[in-house]
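Each remark here refers to the structure printed beneath this line.
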Amino acid sequence: MLIDFAPVERNELKLIDLAARFTLDDLRAATRFSIDRMLELIADLSDADVTFDPVDPDAHDPYAVAGEETIGWSLAHLIVHVTASSEEWAAYSAILARGIDYPPEPRLRYETPWRAVTTQAQCVQRLRESLRMRLAYLDVWPDAPHLETRRQMSERFTERFGEFNAPAAYLFGLWHEVNHYEQICEARRQALAARQGI
Numbered sequence: 000m001l002i003d004f005a006p007v008e009r010n011e012l013k014l015i016d017l018a019a020r021f022t023l024d025d026l027r028a029a030t031r032f033s034i035d036r037m038l039e040l041i042a043d044l045s046d047a048d049v050t051f052d053p054v055d056p057d058a059h060d061p062y063a064v065a066g067e068e069t070i071g072w073s074l075a076h077l078i079v080h081v082t083a084s085s086e087e088w089a090a091y092s093a094i095l096a097r098g099i100d101y102p103p104e105p106r107l108r109y110e111t112p113w114r115a116v117t118t119q120a121q122c123v124q125r126l127r128e129s130l131r132m133r134l135a136y137l138d139v140w141p142d143a144p145h146l147e148t149r150r151q152m153s154e155r156f157t158e159r160f161g162e163f164n165a166p167a168a169y170l171f172g173l174w175h176e177v178n179h180y181e182q183i184c185e186a187r188r189q190a191l192a193a194r195q196g197i
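The sequence shown runs 0 to 197 under numbering that gives the first Met the number 0.
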């Protein structure tokens, strides 16, 4: 199940309103779809392909380690990044669903160091592990989740994205992941071109 985030991107809907359209099983299906999509994209790749550093003229990461703010991200780098973000927001969703408002800090994020991921098998392992973890966070939701609880975010964040309850928090991580699909496809294209000497 691929969720269409276009109404949110066009500012026609807030994420919380889009999330209200989906059941817990829908969220599980969308998670499996996303992981399967990324597994498919790396299925035929080599270790050299997933660690290939693509050229990305639009690269700009102000939170990166000094000297890495404008580097292109390898497939391994992209995979550890998107899985970490999805897991972070899945963790908030589990807390919110249990009736507990959650503050902006501390963040519940851990990102596998991307330089430590050097093989295609490690990328596959990270994706499968992330699927297990995210589905487990959804299993933490009570049968009647508390939809009135909120992640307390800055006024600027809330103005841009709206309020986040449990389903919206979960979808935010998935939306971020989906938004990286194009970058993942381009990194794959460049890696294959480099392998063929193009």
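Idealized CB from N, CA, C, for every residue including glycine.
Between the C-alpha atoms of residue i and residue j, what's the straight-line distance to the nearest angstrom?
i	j	result
Arg187	Ile15	33 angstroms
Ala167	Glu39	27 angstroms
Ala143	Leu134	17 angstroms
Pro6	Thr157	17 angstroms
Leu74	Leu170	22 angstroms
Ala83	Gly98	24 angstroms
Ala42	Leu1	20 angstroms
Leu17	Phe160	12 angstroms
Ala245	Ala19	Missing from the structure shown is residue 245; the chain here goes from 0 to 197 and no further.
At what residues does the alpha helix (DSSP H) containing residue i begin and finish?
i	result
Arg31	Leu23 to Ile41
Glu86	Leu74 to Ala96
Ala19	It is not in any alpha helix (DSSP H) - Ala19 carries neither H nor E in the DSSP assignment.
Asp138	Gln119 to Val139
Val49	Asp46 to Thr50
Pro6	Ala5 to Glu8
Leu191	Tyr180 to Arg194
Would you decide whether residue i is buried or exposed? Buried here means 16 or more other CB atoms lie within 10 Å of its CB.
i	result
Arg108	exposed
Ile34	buried
Cys122	buried
Ser85	buried
Gly196	exposed
Val64	exposed
Arg131	exposed
Thr148	buried
Please state whether DSSP places residue i in a helix, a strand or coil.
i	result
Phe163	strand
Tyr169	helix
Tyr109	coil
Tyr62	coil
Arg150	strand
Taking residue i and residue j to be in contact with their CB atoms under 8 angstroms, please state how far apart those CB atoms are, rounded to whole angstroms.
i	j	result
Leu222	Trp174	Past the edges of the chain, shown from 0 to 197, lies residue 222, and the structure says nothing about it.
Ser92	Tyr136	6 angstroms
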